[in-house]
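Reminder that position 48 of the sequence shown reads as 48 in the UniProt record's numbering, one-by-one numbering, no gaps.
In this text, a Cβ means the ideal position worked out from N, Cα and C, and glycines have one as well.
This structure is a prediction, so every number in the text was calculated from the model and none was measured.
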Amino acid sequence: MSTVIKNGTVVTADLTYKADVLIEDGKIVEVGDNLSGDETLDATGCYVMPGGIDPHTHLEMPFMGTYSSDDFESGTRAALAGGTTMVVDFAIPSPGQGLLDALQMWDNKSTRAHCDYSFHMAITWWSEQVFNEMETVVREKGINTFKHFMAYKGAMMVNDDELFASFQRCAELGALPLVHAENGDVVADLQQKFLAEGNDGPEAHAYSRPPAVEGEATNRAIMIADMAGVPLYVVHTSCEESHEAIRRARQQGKRVYGEPLIQHLTLDESEYAHPDWDHAARRVMSPPFRNKQHQDSLWAGLASGSLSVVATDHCAFTTDQKRYGVGDFTKIPNGTGGLEDRMPMLWTYGVETGRITPNEFVAVTSTNIAKILNIYPKKGAIMKGADADLVVWDPAKEKTISASSQQSAIDYNVFEGKHVKGLPRYTLTRGRVAVHDGDFKGQEGHGEFVSREPFQAVNKALSTWKELTAPRKVERTGIPASGV
Ligand SMILES: NC(=O)NCCC(=O)O
Ligand SMILES: [Zn+2]
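Have a look at this one:
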């Protein structure tokens with residue numbers, strides 16, 4: 001079967017032009033005018049763009065004594081409904097568990113996916129086994145990214161020596177380290193301080209994670225990555241302190257990428273002051289939402305290019321799960337949803353307001369991350385040979401976000417009541433129409449694992465430079481006898 005997208009405007013990261021798209025066997029085979037095929041999508045007035053890629057989701061993730069409630073079935077259904085055609089989830093070994101063992105667990109969970117997916121591997125402890133298995137993960141399992149939690153002390157947090165060891169291993173293997181950058185020691189102390197003062201509500205979650213803990217950890221991770229000679233990707237950059245570290249590093253020529261979330265761009269710290277405990281607890285995530293100045297900084301970073309990707313860190317817990325933390329905010333499962341709303345919210349609050357252009361929208365939702373993850377142009381591009389993961393985006397289509405009509409399995413939506421303008425008219429996953437005007441037509445199990453090759457260029461450049469500038473013993477002509 002062939003599919004043609006006609007009369008639409010194709011947007012890539014680099015230019016906007018009129019084009020038709022011919023698709024066969026899930027791949028784009030022609031991009032040009034006057035094509036014909038079995039099925040025609042009338043895209044007049046719409047943008048045709050590469051499907052969104054969300055590089056940060058946690059589907060059915062074991063965390064804080066429970067599991068996040070969206071699994072690969074409901075999570076990828078939500079993704080497609082919002083124009084996202086690929087997700088990257090995290091295989092997270094419990095401390096002491098092998099990487100390959102954890103990966104097997106995530107492979108088993110992902111069989112019901114409606115759209116393509118890939119995995120990052122988390123480094124939650126350090127040993128010779130972890131060191132050895134990292135090579136298998138990269139060379140045989142198609143995973144070229146490793147996430148490190150600098151927070152969650154006593155659970156998934158790794159210390160600086162472990163970070164340095166793992167970053168050096170990433171450099172050797174051609175892999176990219178990711179960091180959740182918050183100073184976990186300081187957070188743990190502040191949590192106890194606020195609890196001891198009787199400050200046990202969800203607002204204390206935000207008080208215990210001020211921007212400084214994020215800025216400090218981001219700076220530290222950048223310096224450790226530089227010493228290891230490896231690029232770095234900072235997940236959920238939420239504040240100016242962290243953005244400033246990333247911006248400065250990039251100006252210095254370091255390969256550092258920053259990823260704000262749609263939640264941090266559009267929701268602020270006042271959510272935690274809400275009189276309703278449930279309302280505030282549903283928005284507990286790490287890092288927490290910040291004030292308007294931090295939001296302005298993140299938007300500026302997207303426009304100027306110092307921040308590269310907008311993600312969600314989709315990690316959705318029900319209201320009942322959030323209530324585990326009544327009387328002790330440290331027990332509220334951390335995480336919020338966002339997969340279904342990332343693209344419409346970013347279009348509405350970004351493109352409609354003039355903060356970013358349509359091309360920048362495509363860059364930060366798809367093209368940039370495809371390049372960073374080393375899957376471009378299979379993903380993130382409209383060109384011959386690319387996967388036909390496409391969105392026909394209608395900038396005039398509107399809706400009010402409501403949990404009552406969402407695909408996600410949880411009972412609320414952190415964007416409840418927000419009016420969005422700009423929605424997918426069609427979402428195609430490898431040529432298959434999965435969403436048409438809000439009707440879901442996807443197929444469970446259609447999603448395939450996307451294997452990612454190790455990095456050549458960036459890691460090679462860094463290791464060459466590292467070798468050229470390495471400290472060397474000075475060869476001297478005359479060495480005096482040692483003094484007494
Ligand atoms: N971000 C968050 O609060 N939950 C998900 C786990 C993580 O990435 O930290
Ligand atoms: Zn995180």
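Review point. Taking C-beta to C-beta, are residue 316 and residue 408 nearer than 7 Å?
Key: The residue given as residue 316 occupies position 316 in the sequence shown. The residue given as residue 408 occupies position 408 in the sequence shown. Contact: yes.
Exercise for review: Kindly list the residues whose CB is nearer than 7 Å to the CB of residue 136, restricted to its own chain and excluding five residues on each side of it in sequence; keep chain order.
Suggested key: Taking the first residue of the sequence shown as 1, we reach residue 136 at position 136. Excluding positions up to five away in sequence, the list reads 100.
Practice item. Identify, in the order they occur along the chain, each residue of the same chain with its Cβ nearer than 8 Å to the Cβ of residue 62, setting aside the five sequence neighbours on each side. Key: On the sequence shown, position 62 is the one that residue 62 refers to. Result list for residue 62: 92 and 94, in chain order.
Check your understanding: Which word fits residue 297, buried or exposed, when buried means at least 16 other C-beta atoms lie within 10 angstroms of its C-beta?
Key -> Residue numbering aside, residue 297 sits at position 297 when the sequence shown is read from its first letter. With 16 or more other Cβ atoms within 10 Å, it is buried.
Check your understanding: Touching or not, the region 47–64 and the region 379–394, by the rule of three or more beta carbon pairs under 8 Å?
Key -> yes
Check your understanding: What three-state label does DSSP hand residue 349 in the structure shown?
Key -> As a first step, residue 349 is located in the sequence shown; it is residue number 349 there, counting from the start. When secondary structure is reduced to three states using DSSP, residue 349 falls in the helix class.
Practice item. Verify the CB distance criterion: does residue 356 have a CB-CB separation below 7 Å to chain D? Key: Absent from the structure: chain D. Only one protein chain is present.
Check your understanding: Any heavy atom of ligand 2 closer than 6 Å to the CB of residue 264?
Key -> Taking the first residue of the sequence shown as 1, we reach residue 264 at position 264. No.
Check your understanding: Secondary structure at residue 125, three-state DSSP: helix, strand or coil?
Key -> Residue mapping note: residue 125 aligns to position 125 of the sequence shown, counting from 1. In this structure, residue 125 counts as coil in the three-state DSSP scheme.
Check your understanding: Regarding residue 71 and ligand 1, is the C-beta to nearest heavy atom distance less than 6 Å?
Key -> The sequence position of residue 71 within the sequence shown is 71, counting from 1. Checking every heavy atom of ligand 1 against the Cβ of residue 71, none is found closer than 6 Å.
**Study point:** the region 354–364 contacting the region 272–292, beta-carbon criterion three pairs below 8 Å
**Key:** no
**Study point:** Any non-hydrogen atom of ligand 2 within 6 Å of residue 180 CB
**Key:** As a position in the sequence shown, residue 180 is number 180, starting the count at 1. Because some heavy atom of ligand 2 lies under 6 Å away, the Cβ of residue 180 counts as near it: yes.
Check your understanding: For residue 366, which of helix, strand or coil comes out of DSSP?
Key -> The sequence position of residue 366 within the sequence shown is 366, counting from 1. Three-state DSSP puts residue 366 in a helix.
Review point. Mind checking whether the beta-carbon of residue 286 lies closer than 6 Å to any heavy atom of ligand 1?
Key: The residue labelled residue 286 in the question sits at position 286 within the sequence shown. Correct: residue 286 has its Cβ closer than 6 Å to ligand 1.
Point to revise | Close-in-space but distant-in-sequence residues of the same chain around residue 500 (CB under 8 Å, 5 per side omitted) | key: Given a span of 1 to 484 for the chain in the structure shown, any question on residue 500 remains unanswerable.
Check your understanding: Hey, is residue 315 close to ligand 1, as in C-beta under 6 Å from one of its heavy atoms?
Key -> Translated into the one-based positions of the sequence shown, residue 315 becomes position 315. Within the cutoff, so yes.
Review point. If you measure from the CB of residue 58, is any heavy atom of ligand 1 nearer than 6 Å?
Key: Your numbering for residue 58 matches position 58 in the sequence shown. Yes - ligand 1 has a heavy atom lying nearer than 6 Å to the Cβ of residue 58.
Check your understanding: For residue 348, is the classification buried or exposed, using 16 other Cβ atoms within 10 angstroms of its Cβ as the cut-off for buried?
Key -> Start at 1 with the first residue of the sequence shown, and residue 348 comes out as number 348. With 16 or more Cβ atoms within 10 Å of its Cβ, residue 348 is classed as buried.
Exercise for review: Rounded to whole angstroms, what's the CA-CA distance from residue 366 to residue 393? Just pull it up for me.
Suggested key: For this step, residue 366 is matched to residue 366 along the sequence shown. For this step, residue 393 is matched to residue 393 along the sequence shown. A straight-line Cα-Cα distance of about 14 Å links residue 366 and residue 393.
Point to revise | residue 178 and residue 87 closer than 7 Å at C-beta | key: Taking the first residue of the sequence shown as 1, we reach residue 178 at position 178. Taking the first residue of the sequence shown as 1, we reach residue 87 at position 87. Their beta carbons are not under 7 Å apart, which means residue 178 does not touch residue 87 by this criterion.
Practice item. Report yes if the C-beta distance between residue 368 and residue 174 is below 7 Å; otherwise report no. Key: One-based indexing of the sequence shown puts residue 368 at position 368. One-based indexing of the sequence shown puts residue 174 at position 174. No. Outside cutoff.
Check your understanding: For residue 258, is the beta carbon positioned less than 6 Å from some heavy atom of ligand 1?
Key -> On the sequence shown, position 258 is the one that residue 258 refers to. Checking every heavy atom of ligand 1 against the Cβ of residue 258, none is found closer than 6 Å.
Review point. At which residues does the beta strand (DSSP E) containing residue 386 begin and terminate?
Key: For the purposes of this step, residue 386 is taken as the residue at position 386 of the sequence shown. That residue, residue 386, is in no beta strand (DSSP E); it is neither H nor E in DSSP.
Point to revise | Cβ pair residue 112, residue 167 closer than 7 Å | key: To locate residue 112, count along the sequence shown from 1; it is residue 112. To locate residue 167, count along the sequence shown from 1; it is residue 167. The Cβ atoms of residue 112 and residue 167 do not sit closer than 7 Å to each other.
Check your understanding: Between 237, 386, 169 and 266, which lies nearest to residue 132 when the distance is taken from Cα to Cα?
Key -> Here the question's residue 132 lines up with position 132 in the sequence shown. Each of 237, 386, 169 and 266 was checked against the Cα of residue 132, and the nearest Cα belongs to 169.
Review point. Should residue 37 go down as buried or exposed, given a rule of 16 or more other Cβ atoms within 10 Å for buried?
Key: Residue numbering aside, residue 37 sits at position 37 when the sequence shown is read from its first letter. Legend: pLDDT at residue 37 = 48, less than 50; position of this residue unreliable, value from coordinates given subsequently. Looking at its Cβ environment, which holds 16 or more other Cβ atoms inside 10 Å, residue 37 is buried.
Point to revise | Proximity winner among 116, 374 and 68, relative to residue 387 (alpha-carbon distances) | key: As a first step, residue 387 must be located in the sequence shown, where it is residue number 387. Here the closest residue by C-alpha is 116.
Point to revise | residue 335 beta carbon near ligand 1 (any heavy atom closer than 6 Å) | key: Within the sequence shown, numbered from 1, the residue matching residue 335 stands at position 335. Correct: residue 335 has its Cβ closer than 6 Å to ligand 1.
Exercise for review: Classify residue 184 as buried or exposed, calling it buried when 16 or more other Cβ atoms lie within 10 Å of its own Cβ.
Suggested key: To locate residue 184, count along the sequence shown from 1; it is residue 184. Buried is the call here.
Review point. Should the region 221–231 be called in touch with the region 432–440, which here means at least 3 C-beta pairs below 8 Å?
Key: no
Exercise for review: Please name the residue in 64, 456, 278 and 105 whose C-alpha comes closest to that of residue 155.
Suggested key: For the purposes of this step, residue 155 is taken as the residue at position 155 of the sequence shown. For residue 155, the nearest C-alpha among the options comes from 64.
Review point. What are the boundary residues of the alpha helix (DSSP H) that residue 211 is part of?
Key: Residue 211 sits at position 211 when you count from the first residue of the sequence shown. That run of the alpha helix (DSSP H) goes 211–228.
**Study point:** Local Cβ density within 10 Å of residue 468, reported as buried at 16 or more and exposed below that
**Key:** As a first step, residue 468 must be located in the sequence shown, where it is residue number 468. Exposed, since its Cβ has fewer than 16 Cβ neighbours within 10 Å.
Check your understanding: Quick one: what does DSSP say residue 146 is sitting in, helix, strand or coil?
Key -> Within the sequence shown, numbered from 1, the residue matching residue 146 stands at position 146. The answer is strand: DSSP assigns residue 146 an E or B state.
Exercise for review: May I have the straight-line CA-CA distance separating residue 470 from residue 371, to the nearest angstrom?
Suggested key: Looking up residue 470 in the sequence shown gives position 470. Looking up residue 371 in the sequence shown gives position 371. If you take the alpha carbons of residue 470 and residue 371, they lie about 29 Å apart.
**Study point:** Rounded separation between residue 17 and residue 31 - CA only
**Key:** Here residue 17 refers to the residue found at position 17 when the sequence shown is read from its first residue. Here residue 31 refers to the residue found at position 31 when the sequence shown is read from its first residue. Summary for residue 17: the model assigns pLDDT 39, below 50, so the residue's position carries little reliability, and this model does not support an answer.
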